[in-house]
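Colleague:
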Amino acid sequence: MNSPVTSIKLVLLGEAAVGKSSIVLRFVSNDFAENKEPTIGAAFLTQRVNMGDHTIKFEIWDTAGQERFASLAPMYYRNAQAALVVYDVTKPQSFIKARHWVKELHEQASKDIVIALVGNKLDMIESGAERKVAREEAENLAQQEGLLFFETSAKTGSNVNEVFLGIGQKIPLKTAQNQTQGAGRGSSGLRINDDSRVDLRSSGDQSASGSTCNC
Amino acid sequence: MGVRPTTTSASPTQREIYQKSNNSSPSLVGSLIKSLKSSSSTRHHHQQSGAVSGDSDTNQSSRKPHHHLGRSPSQAGTSQHHGRGVSHIHMSPLRKSSSGSSNTASTSAHKEKHQSKRDKYFRDLDEDWSAVIEDYNMPIPVISNGGVELKPPVNVGLRRKEETESRSPSAGYPSLPHLNKSQSSDLKSQYEHENERELQELNSIMQRVAKFDTILQPTNGNLINLSELRRLSWNGVPMVHRPRVWRLLIGYAPANIKRQQSLLQRKRQEYRDGVALVFSAEHTRDIPTWHQIEIDIPRTNPLIPLYQFPLVQQSLQRILYLWAIRHPASGYVQGINDLVTPFYQTFLTEYLQRARKDDVNKLSPDVYLTHEQLLDVEADSFWCLARLLEQITDNYIHGQPGILKQVKNLGQLVKRIDSDLYDHFTQENVEFIQFAFRWMNCLLMREFSMDMVIRMWDTYLSETSLESSSSAVNDNSNAPLLLSSDTSLQNSPISAYREKSSSNNLQSKHSATASSGQTSLSEFHVFVCAAFLVKFSDKLINMDFQETITFLQNPPTKSWIESDIELLLSEAYIWQSLYKDATSHWR
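Listed in order, the protein sequences are those of chains U and W.
Reminder that position 173 of the first sequence reads as 173 in full-length UniProt numbering, one-by-one numbering, no gaps.
Reminder that position 418 of the second sequence reads as 418 in full-length UniProt numbering, one-by-one numbering, no gaps.
#1: Could you please tell me which residues of the region 292-306 of chain W, in chain order, have their CB closer than 7 angstroms to any CB of chain U?
#2: On the three-state DSSP scale, how would you describe Ala496 of chain W?
#3: Within the continuous beta strand (DSSP E) that includes Ser7 of chain U, where are the two ends?
#4: Does the beta carbon of Leu179 of chain W come closer than 7 angstroms to any beta carbon on chain U?
#5: By DSSP, does residue 270 of chain U sit in helix, in strand, or in coil?
#6: If the criterion is Cβ atoms closer than 7 angstroms, does the pair Lys9 of chain U and Asn79 of chain U meet it?
#7: Using only CA atoms, which one of U:Asn140, U:Gln143, U:Asn120 lies nearest to Glu162 of chain U?
#8: Determine the direct distance from the alpha carbon of Val28 of chain U to that of Phe425 of chain W, and round the result to whole angstroms.
#9: Using a Cβ cut-off of 9 angstroms, which residues of the region 23-55 of chain U contact any Cβ in chain W, in chain order?
#10: So which of U:Thr63, U:Ile23, U:Val49 has the shortest CA-CA distance to Val11 of chain U?
#11: Could you check whether the Cβ of Gln81 of chain U sits closer than 7 angstroms to any Cβ belonging to chain W?
#12: Which residue or residues does DSSP assign as beta-bridge partners of Lys357 of chain W?
#13: Could you work out which residues of chain U lie near Cys442 of chain W, taking near to mean beta carbons separated by less than 7 angstroms?
#14: Under 6 angstroms: does the beta carbon of Glu228 of chain W sit that close to some heavy atom of the ligand NAP?
#15: So what's Asp88 of chain U in DSSP terms, helix, strand or just coil?
#16: Beta strand (DSSP E) containing Gln217 of chain W: first to last residue?
#17: Of all the residues that make up the region 331-356 of chain W, which are near chain A by a beta-carbon distance shorter than 7 angstroms?
#18: When you compare the CB positions of Ala82 of chain U and Trp61 of chain U, do they come within less than 7 angstroms of one another, or not?
#19: Quick one: list the residues of chain U neighbouring Gln553 of chain W, beta-carbon separation under 9 angstroms, in chain order.
#20: For Asn22 of chain W, which three-state DSSP category applies?
#21: By how many angstroms is the C-alpha of Pro298 of chain W removed from the C-alpha of Ala116 of chain U?
#22: Are any of the Cβ atoms in chain U nearer than 7 angstroms to that of Phe448 of chain W?
#23: Between Thr212 of chain U and chain W, is the shortest Cβ-Cβ distance under 7 angstroms, so that the two count as touching?
#24: So which residues of chain W does Asn71 of chain U contact, with C-beta pairs closer than 7 angstroms?
#25: Below 8 angstroms on the Cβ atoms is my contact criterion, and I expect Phe40 of chain U with Gln334 of chain W to pass it. Report the Cβ-Cβ distance as a whole number of Å.
#26: Starting from the Cα of Asp538 of chain W, find the closest Cα among W:Asp380, W:Leu421, W:Tyr579 and give me that residue.
#27: Less than 7 angstroms between the beta carbons of Lys57 of chain U and Val24 of chain U, yes or no?
#28: Within 10 angstroms of its Cβ, does Gln314 of chain W collect 16 or more other Cβ (buried), or is it exposed?
#29: Output the residue ranges of the beta strand (DSSP E) runs that lie fully inside the region 63-139 of chain U and measure 3 residues or longer, sorted by chain position.
#30: Is Ile549 of chain W close to chain U, meaning its C-beta is less than 7 angstroms from at least one C-beta of that chain?
#31: In or out: Ser330 of chain W buried (at least 16 other Cβ within 10 Å) or exposed?
#32: Relative to the C-alpha of Leu369 of chain W, which candidate in W:Trp234, W:Gln292, W:Leu352 has its C-alpha closest?
#33: Taking the alpha-carbon positions, what's the Gln308 of chain W to Thr219 of chain W distance?
#34: Who are the near neighbours of Tyr252 of chain W in its chain, counting only those whose CB is closer than 6 angstroms to its CB and skipping five residues on each side?
#35: From this set, W:Asn554, W:Phe524, W:Lys415, which residue's C-alpha is nearest Ser449 of chain W's C-alpha?
#36: Give the interface partners of Gln66 of chain U over in chain W, defined as CB-CB distance under 8 angstroms, in chain order.
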């Protein structure tokens, strides 16, 4: 209960209508709405997650996806410690946009920002829609760029919490690592590794319960 | 108080009553005069103003030079709202600033209100009594006889009394006695207040409807007095009149009633031609734009059933796409999809019977509209949207400079109006753009229910800048468009179409330069946003960053009713009057 609270500033980026707001809604309220009004500017939400011996508080800026609003994005990612770059697995165009965002983040955002690449709307494939972005292609991008990678469905809730847990697991360790001159906290069972796929693989079965509390 | 519901559901009856009382002339006059009397004698009496509020605007025409005062916020509301308006203003940031000057300012605004109310009041009766409305320039004392007859205003006090007396015998209407009783004493019971207020509200509604009837049917010529219509509409437009009035306010329909029908027909045809062209093989579809609109349509007002009908969605999609490709500098920007819906919904109500107008958000239009009528609604929505966006072009072009400027102005304004709040924001690192961007981009539409937005737009459309929608442009601007539409019928549709869009762009450019980038609408909107923010000042001042942003993203406006919106608009008006000098550089 008295576990230390770490705040993580997180920003969502991605093409319009890929499901950024829906991912956040699922994570924060465990809810889903088929048609949500397009986000204008950006929306701010928070969520706390208990991860073993500590609590992480996500401070989330959910940005608007339309190109015309893109000039606002730097304001939101500039101080962010984490970013979700979201695309729609049935829309190849949205994956191209995701590449752009990753590039921009690497160029403009904080150097140690943790980026997760998120392919959303997995449920549509399960219900018969054609997949347009191959999992391998996205995994390759993630590997090259050092990103976490997830495929999610905000509609069913599948894998959504895992995205945030994955980020949560990575960031405090990084912070700790910085503070202790590179000595990672072994107790959490996570390796600090440049190969993000190691983190990725292990993220699913972490001890972190993922139980969320409404603050 | 559900002003509109009353209007719509009961208006025929009210109308009857109105006409009746109109015939038995002195009674209504008497009651109104009485109520006026008490309103000027008792200092803070909300109720009385109600009877008067409906008329508020007429007087303004006689005070043209003081156009701003004439439109003063105090007049914006319906009965109970006046009183609240004043008290709120005393309570809000002015109180905190505790500087004498601002208090004085508000008091004088208050006085001004009473003053103008009285003038207005008589004016109004004038108008209602006879078809002769041309006496606006007559000196005010003459008006004080209520315009009942051409009797000289010998002894006003006496007359009032007489009228009251003579009214009672003829009073066949249940609520009138209450009014009488309450007038006989300054100490009114709660119950009497209630009744009086209801009656006054009724009166006010009837009078408003009648005033709009009058102004829309000019007896002396063919020209509708647009500036008077603006003043009147600022305080709300009755639902029955709204479609016509909006078309006029925005400068889509001409003020000349003889030309209205033919012009609307041509514009509607022009829209049909535009759609036909854009969806023909000759036009290469702009895929990204089309796609963006396509994904936003089902996300437009997702909680209002009207917008879930495929018919309506297709309709909106055509409007938005046609507008987007005709305005390449801006193109389609999210938020514009919101802005078209108040027009669309309002124009649909034109085809619904009075009693069913409120059902517009539930009924599928094909239940009560033919295909052609729906296209007319669509065309009107398109042209009015285009007119509105002309006023705020800079909001949607690349970089959205209009919005950034408005947000900046909002910050400066709040710094002056409520420096405590401003400082608090600074301390908490709350930036205005974090919450106000959406306020500007969607004209606060996301903050209020559709009904409230529509009421708000009565005022907003009355604020559309005269430069671009006054009679000058009104007539001139339609001319080139019409010309090109004529050519489009005769010559190559495509070249005519290009011509049209370029003339469109030129025109909007012109109106933008005329006002140096900021129109009166976008300026007024900043004041509304400031009034809106400052309304929550007491809460916000105790909130941290997160609480602030969360609160402002989801402000407690679900329960807002028209009087709340009217109060907000009134407060914005006060701020605008008070800070006129400070904001002159905005333009």
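Don't be surprised by glycine CBs; every beta carbon is placed ideally from N, CA and C.
Predicted, not measured: the structure shown is a model, and the values here were computed from it.
Modeller: Straight from the coordinates:
#1: Result list: Gln292, Ile295, Asp296, Pro298, Arg299, Pro302.
#2: Residue placement at Ala496 of chain W is flagged as unreliable, the pLDDT there being 37, under the threshold of 50; the coordinate-derived value follows with that caveat. Helix at Ala496 of chain W.
#3: From DSSP, the beta strand (DSSP E) with Ser7 of chain U extends over 5-14.
#4: Caution applies to Leu179 of chain W, whose pLDDT of 44 falls short of 50 and renders its modelled position unreliable; the model cannot decide the point.
#5: Coverage of chain U is limited to positions 1 through 215, which leaves residue 270 of chain U absent and any answer about it impossible.
#6: Yes, the Cβ-Cβ distance between Lys9 of chain U and Asn79 of chain U is below 7 angstroms.
#7: The shortest Cα separation from Glu162 of chain U among U:Asn140, U:Gln143, U:Asn120 belongs to U:Asn120.
#8: Cα-Cα distance, rounded: 25 angstroms.
#9: Against chain W - using a Cβ distance shorter than 9 angstroms - the residues of the region 23-55 of chain U are Ala33, Glu34, Asn35, Lys36, Glu37, Pro38, Thr39, Ile40, Gly41, Ala42, Ala43, Phe44, Leu45, Thr46.
#10: For Val11 of chain U, the nearest C-alpha among the options comes from U:Thr63.
#11: False, the Cβ-Cβ gap to chain W never drops below 7 angstroms.
#12: Under DSSP, Lys357 of chain W forms no beta bridge with any residue.
#13: Around Cys442 of chain W, the beta-carbon contacts reaching into chain U at under 7 angstroms are Ile40.
#14: In the structure shown, the ligand NAP is absent, as is every other ligand, since no ligand is present at all.
#15: Asp88 of chain U falls in the strand class under three-state DSSP.
#16: First-last for Gln217 of chain W: undefined, no H or E at that position.
#17: Within the model displayed, chain A is absent; protein chains U and W are what it includes.
#18: Taking 7 angstroms as the Cβ cut-off, Ala82 of chain U and Trp61 of chain U do not qualify as a contacting pair.
#19: By Cβ distance, chain U contributes Ala43, Phe44, Leu45.
#20: With a pLDDT of 40 at Asn22 of chain W, under the threshold of 50, the modelled position of this residue cannot be trusted, and the question is left open.
#21: About 29 angstroms.
#22: Phe448 of chain W does not count as touching chain U.
#23: Caution applies to Thr212 of chain U, whose pLDDT of 43 falls short of 50 and renders its modelled position unreliable; the value that the coordinates give is listed next. Contact with chain W is absent for Thr212 of chain U, since none of that chain's Cβ atoms lies less than 7 angstroms from the residue's Cβ.
#24: Going by the sequence as given, residue 71 of chain U is Ser instead of Asn. Close to Ser71 of chain U, with beta-carbon spacing below 7 angstroms, are these residues of chain W in chain order: Gly399.
#25: The residue asked about is misnamed: residue 40 of chain U is Ile in this sequence, not Phe. Their Cβ separation, rounded to whole angstroms, is 6 angstroms, which keeps Ile40 of chain U and Gln334 of chain W in contact under 8 angstroms.
#26: Comparing Cα positions, the closest option is W:Leu421.
#27: Not closer than 7 angstroms, so no.
#28: The residue is exposed, with fewer than 16 neighbouring Cβ atoms inside 10 Å.
#29: Counting whole runs of 3 or more residues, the region 63-139 of chain U contains the beta strand (DSSP E) stretches 82-88, 114-120.
#30: Against chain U, the CB of Ile549 of chain W has a partner CB under 7 angstroms away; the residue lies at that interface.
#31: With a 10 Å radius around the Cβ and a threshold of 16 neighbouring Cβ atoms, Ser330 of chain W comes out buried.
#32: Measuring from the Cα of Leu369 of chain W, the nearest candidate turns out to be W:Leu352.
#33: Linking Gln308 of chain W to Thr219 of chain W through their CA atoms gives a straight-line distance of about 43 angstroms.
#34: If we look at Tyr252 of chain W and ignore the five residues flanking it on each side, its Cβ neighbours are Trp383, Cys384, Arg387.
#35: It is W:Asn554.
#36: Simply Gln292, Val333, Gln334.
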